[in-house]
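Quick note: to get the working numbering, add 2 to the position in the sequence shown (first position is 1). Quick notes on the structure that follows.
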Amino acid sequence: MTAPYCKMIPDRPFSKKKAIAPALITLFIAAACLCAFEPFWRLDNAAGFAAKKKTKRSAGKAASNHLAGAEVIADDVFIYKKGLSFYENSEYARAFEYFKYIKEKRPSSLYYDMAVYLCGEANVKMGKPDESIEYYLYLLEKCPSSSLCADAVHTVAGIYKKKGMSGEAIKYYKKLLGSYPDSFWAEEARAFLKYNT
Numbered sequence: 003m004t005a006p007y008c009k010m011i012p013d014r015p016f017s018k019k020k021a022i023a024p025a026l027i028t029l030f031i032a033a034a035c036l037c038a039f040e041p042f043w044r045l046d047n048a049a050g051f052a053a054k055k056k057t058k059r060s061a062g063k064a065a066s067n068h069l070a071g072a073e074v075i076a077d078d079v080f081i082y083k084k085g086l087s088f089y090e091n092s093e094y095a096r097a098f099e100y101f102k103y104i105k106e107k108r109p110s111s112l113y114y115d116m117a118v119y120l121c122g123e124a125n126v127k128m129g130k131p132d133e134s135i136e137y138y139l140y141l142l143e144k145c146p147s148s149s150l151c152a153d154a155v156h157t158v159a160g161i162y163k164k165k166g167m168s169g170e171a172i173k174y175y176k177k178l179l180g181s182y183p184d185s186f187w188a189e190e191a192r193a194f195l196k197y198n199t
């Protein structure tokens, strides 16, 4: 006597084609999702979150004049991604030119604060810390609500610390704790101030 559940098992062998098709579909969907959200995971989480938030805000603005808005956004995305590509390939001078273009010519860009921040980062990588400080302070002045401000203040404090200018480093670490007490860098600032004041 055979068990009733044995009738449910098919007699034909396992089909590899049928098993591969769902796997390929899943892989294709995953790749499409990664490409769609690439600007948000490429940078750190704070920058990605800021970009996502700005994208939602700007989508409403562009809806009123969708053709002109779409062209401007597409240009900004192209310019920003081109600069980011050079930055990732350690071509900091070329990347700096693209980010500087957004800073100077596109103040309403979705990528404005990130471009200003990356101008500072590119200058640090090129060995120009004094110029980078100017960009970080510009970011603090023009985009005070940006999620990158805490990183900018931390970097300015770190540059002064490396240069041996403890007074300036203390000033910016205090600013970091005063303005961004819950930031990722707050604990480092507290430790520095504890041993240097």
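Ideal Cβ placement from N, Cα and C applies to all residues, glycine included.
Between the CA atoms of Ser181 and Val155 - distance to the nearest angstrom: 10 Å
Within this structure, are the beta carbons of Ile135 and Val158 separated by less than 8 Å? yes
Would you mind giving the Cβ-Cβ distance between Asp115 and Leu141, rounded to the nearest angstrom? I have them listed as a contact below 8 Å. 6 Å
Could you check which residue in Leu86, Tyr197 and Leu112 has the C-alpha nearest to that of Ser148? Leu112
Use the C-beta contact count for Ala65: other C-beta atoms within 10 angstroms, 16 or more gives buried, fewer gives exposed. For Ala65, the predicted structure reports a pLDDT of 42, less than 50, and the residue's modelled location is therefore unreliable. A value from the coordinates is still provided. Burial call: exposed.
Inter-residue Cα distance where the pair is Arg96 and Asp153: 23 Å
What ranges does the alpha helix (DSSP H) occupy inside the region 84-143, keeping only unbroken runs of at least 4 residues that lie completely in it? 94-107 and 114-127
Candidates Lys127, Ala188 and Glu106: which alpha carbon is nearest Ala117's? Glu106
Would you call Asn198 buried or exposed, if buried means 16 or more other Cβ atoms sit within 10 Å of its Cβ? exposed
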